[in-house]
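In the working numbering, the protein residues as written are 2 to 473. Everything on this sheet refers to the single structure shown next.
See below:
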């Protein structure tokens with residue numbers, strides 16, 4: 002178990018980080034602390050947990066990495082929904098400090114628990130970094146520091162740095178690593194509470210692999226004759242949909258290179274010994290997504306699953322980003338509904354970034370000007386919120402919000418609470434800056450500021466809500 006504690010000298014370091022920054026968030030109003038952020042004599046905490054993640058970029062001042070930018074994340078919680086302006090989420094006794102990925106980062110909720118990848122969180126020193134390791138955040142019912150529990154792959158050899166992906170449901174978690182050789186392999190099941198591997202698996206056997214290979218070659222004949230020995234699942238997408246585990250599928254070289262611009266999906270029964278259910282094909286759609294914590298999919302109120310592809314590259318040059326759907330109870334892509342970035346933008350390379358489905362609408366971000374690799378984590382205001390009506394497939398900018406900033410590789414747009422959506426909104430610069438969340442009601446169209454965070458606490462990255470189980 003990994004435990005983080007805060008050090009008092011951090012305030013001095015933060016002052017140095019932000020002294021030269023010209024981008025200031027809205028700072029009017031007052032901070033409203035919750036019981037979890039006050040003294041030991043504060044009232045007992047309730048069972049609700051509202052968890053906020055922020056991040057701060059810092060230029061490394063010396064050493065072999067001098068001049069490069071690193072990112073530190075801060076995760077804190079409250080037992081009530083945050084409110085007010087210029088909130089501070091760092092100098093609290095429950096703040097968890099970690100690393101933040103160069104392309105973005107976030108939190109993943111599954112079965113009422115919170116998770117993240119440990120390549121974005123560590124024990125504050127480079128030598129203690131756990132690369133590509135799923136981690137569960139532990140929030141006590143009594144308050145205090147957030148702890149972490151890492152997934153231990155092998156009791157003898159410990160953690161591996163191999164690429165992997167995971168998703169978690171109420172009773173089981175699923176973890177997959179790409180095969181190193183042309184052979185059968187398995188999707189490992191684990192206990193989401195203890196994070197212990199179970200003696201359960203979904204076997205990707207030779208018959209399944211051959212069926213997948215023939216499906217890909219039939220749909221993309223240009224791959225025939227290529228040396229593509231590896232059948233790789235789940236490295237860009239893993240999502241639980243009803244009783245199915247849906248993953249991306251690709252044929253790769255022995256070095257792990259993926260050369261097709263088409264996308265393929267595979268669905269297995271989400272249980273030990275689960276069988277192959279279906280295969281789907283999305284032509285010329287490029288990347289399917291990022292790590293599991295940066296959700297590129299969303300279930301709506303009806304139980305339909307909406308997913309997005311990011312196009313041929315992160316800059317959107319191929320103009321083929323797509324939002325598509327898998328119906329409730331189904332495992333294959335719905336051929337009757339999709340929405341292409343070309344329906345919305347035709348004068349520049351563009352793509353979608355993030356997705357949230359609610360009330361017959363889809364919310365997503367679309368870039369308003371060209372994207373570059375240098376705009377990965379703290380870009381200028383490049384992303385405009387768009388509202389897409391699912392039934393009519395009409396789209397318009399979300400009234401009331403100007404273009405804002407978001408990480409390039411992926412972003413968790415917000416949190417649904419009842420009839421309201423809490424949307425991440427980070428607008429930098431001097432023109433109406435804001436660093437926090439807006440409340441949006443899809444039915445009425447009402448939009449209002451919910452809360453903002455001081456820049457000294459970093460840019461907001463994610464907001465999650467869970468309810469802790471009752472104490473036994």
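Ideal Cβ positions, reconstructed from N, Cα and C, are used throughout, including at glycine.
How many whole angstroms separate the CB atoms of residue i and residue j, which I take to be in contact at a CB cut-off of 8 angstroms?
{"i": "residue 75", "j": "residue 98", "result": "6 angstroms"}
{"i": "residue 246", "j": "residue 275", "result": "7 angstroms"}
{"i": "residue 178", "j": "residue 164", "result": "7 angstroms"}
{"i": "residue 289", "j": "residue 237", "result": "4 angstroms"}
{"i": "residue 438", "j": "residue 451", "result": "5 angstroms"}
{"i": "residue 109", "j": "residue 175", "result": "Not a contact, Cβ separation roughly 13 angstroms."}
{"i": "residue 283", "j": "residue 323", "result": "7 angstroms"}
{"i": "residue 138", "j": "residue 115", "result": "4 angstroms"}
{"i": "residue 243", "j": "residue 329", "result": "7 angstroms"}
{"i": "residue 212", "j": "residue 277", "result": "7 angstroms"}
{"i": "residue 83", "j": "residue 51", "result": "6 angstroms"}
Taking buried to mean at least 16 other C-beta atoms within 10 Å of its own C-beta, is residue i buried or exposed?
{"i": "residue 297", "result": "buried"}
{"i": "residue 343", "result": "exposed"}
{"i": "residue 362", "result": "buried"}
{"i": "residue 413", "result": "buried"}
{"i": "residue 69", "result": "exposed"}
{"i": "residue 22", "result": "With a pLDDT of only 38 at residue 22, under 50, the local geometry of the prediction cannot be trusted, and no value is derived from it."}
{"i": "residue 16", "result": "For residue 16, the predicted structure reports a pLDDT of 35, less than 50, and the residue's modelled location is therefore unreliable. A value from the coordinates is still provided. Counting Cβ neighbours within 10 Å, residue 16 comes out exposed, since fewer than 16 surround it."}
{"i": "residue 80", "result": "buried"}
{"i": "residue 401", "result": "exposed"}
{"i": "residue 183", "result": "exposed"}
{"i": "residue 468", "result": "exposed"}
{"i": "residue 336", "result": "exposed"}
{"i": "residue 410", "result": "buried"}
{"i": "residue 256", "result": "exposed"}
{"i": "residue 207", "result": "exposed"}
{"i": "residue 373", "result": "exposed"}
{"i": "residue 305", "result": "buried"}
{"i": "residue 200", "result": "exposed"}
May I ask you to report which of helix, strand or coil DSSP gives residue i?
{"i": "residue 209", "result": "helix"}
{"i": "residue 223", "result": "helix"}
{"i": "residue 1", "result": "Summary: the structure shown does not reach residue 1, with the chain confined to residues 2 through 473, and so no result is reported for it."}
{"i": "residue 359", "result": "strand"}
{"i": "residue 196", "result": "coil"}
{"i": "residue 214", "result": "helix"}
{"i": "residue 77", "result": "strand"}
{"i": "residue 253", "result": "strand"}
{"i": "residue 22", "result": "Bear in mind that a pLDDT of 38 at residue 22, under 50, signals an unreliable position, so the model cannot answer this."}
{"i": "residue 149", "result": "strand"}
{"i": "residue 299", "result": "strand"}
For residue i, which beta-bridge partners are listed by DSSP?
{"i": "residue 442", "result": "447"}
{"i": "residue 248", "result": "239 and 267"}
{"i": "residue 463", "result": "54"}
{"i": "residue 396", "result": "389"}
{"i": "residue 309", "result": "324"}
{"i": "residue 384", "result": "368 and 405"}
{"i": "residue 167", "result": "176"}
{"i": "residue 113", "result": "In DSSP, residue 113 forms no bridge with anything."}
{"i": "residue 342", "result": "Paired residues: none, contrary to the question."}
{"i": "residue 279", "result": "268"}
{"i": "residue 70", "result": "60"}
{"i": "residue 45", "result": "Note: residue 45 sits in no beta bridge, so no partner."}
{"i": "residue 187", "result": "204"}
{"i": "residue 333", "result": "Its beta-bridge partners do not exist; DSSP assigns none."}
{"i": "residue 135", "result": "118"}
{"i": "residue 417", "result": "422"}
{"i": "residue 232", "result": "252"}
Measuring only between beta-carbons, confirm whether residue i sits less than 9 angstroms from chain C.
{"i": "residue 201", "result": "Judged by its chain identifiers, the structure shown contains no chain C, having just a single protein chain."}
Exercise for the section: Count the C-beta pairs between the region 425-433 and the region 53-66 that are closer than 8 angstroms, then say yes if the count reaches three, no if not. Expected result: no
Exercise for the section: Tell me, please, whether the region 258-275 touches the region 351-362 by the rule of three or more beta-carbon pairs shorter than 8 angstroms. Expected result: no
Exercise for the section: Check whether the region 171-189 touches the region 228-235, taking contact to mean three or more Cβ pairs, one atom from each stretch, closer than 8 angstroms. Expected result: yes
Exercise for the section: Report yes or no: do three or more beta-carbon pairs, one from the region 356-373 and one from the region 395-411, lie closer than 8 angstroms? Expected result: yes
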